[in-house]
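To start, the structure under review is shown below, and the notes come after it.
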Amino acid sequence: MQSLLFIFEVKQLNEDKLTRYERARIIGARALQISMGAPVLLEDDSGEPIEIALRELKMGTIPVTVKRLNEAKSN
1 MQSLLFIFEV KQLNEDKLTR YERARIIGAR ALQISMGAPV LLEDDSGEPI
51 EIALRELKMG TIPVTVKRLN EAKSN
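Residue numbers (the numbering used here): 1 to 75.
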């Protein structure tokens with residue numbers, strides 16, 4: 001089983017390499033940040049926080065790095 005660790009730093013994500021669970025977690029976390037008053041990283045900041053987060057992910061402007069931690073497998 002993989003554990004996910006979300007580190008918030010400036011790094012561009014490639015949306016094609018994310019699992020659907022990572023994508024949902026990133027969009028949800030970013031939408032929460034936006035709804036709590038975080039600055040929007042797009043020119044057009046109209047719409048609901050989830051819509052803005054989706055556009056930010058598509059444009060590659062969300063400041064998030066996904067680090068996958070693999071458990072050690074013993075034989």
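Cβ atoms here follow ideal geometry from the backbone N, Cα and C, with glycine treated the same way.
Inter-residue Cα distance where the pair is K58 and L42: Residue 58 sits at position 58 when you count from the first residue of the sequence shown. Residue 42 sits at position 42 when you count from the first residue of the sequence shown. K58 and L42: Cα-Cα distance of roughly 11 Å.
Proximity of V40 and I50 at Cβ, strictly below 9 Å: Taking the first residue of the sequence shown as position 1, residue 40 is located at position 40. Taking the first residue of the sequence shown as position 1, residue 50 is located at position 50. No, the Cβ-Cβ distance between V40 and I50 is not below 9 Å.
CB of I76 within 9 Å of CB of V64, strictly: Limits of the chain in this structure are 1 at one end and 75 at the other, which puts residue 76 out of reach.
Residue range of the unbroken alpha helix (DSSP H) whose run includes E22: Start at 1 with the first residue of the sequence shown, and residue 22 comes out as number 22. E22 -> alpha helix (DSSP H) spans 20-35.
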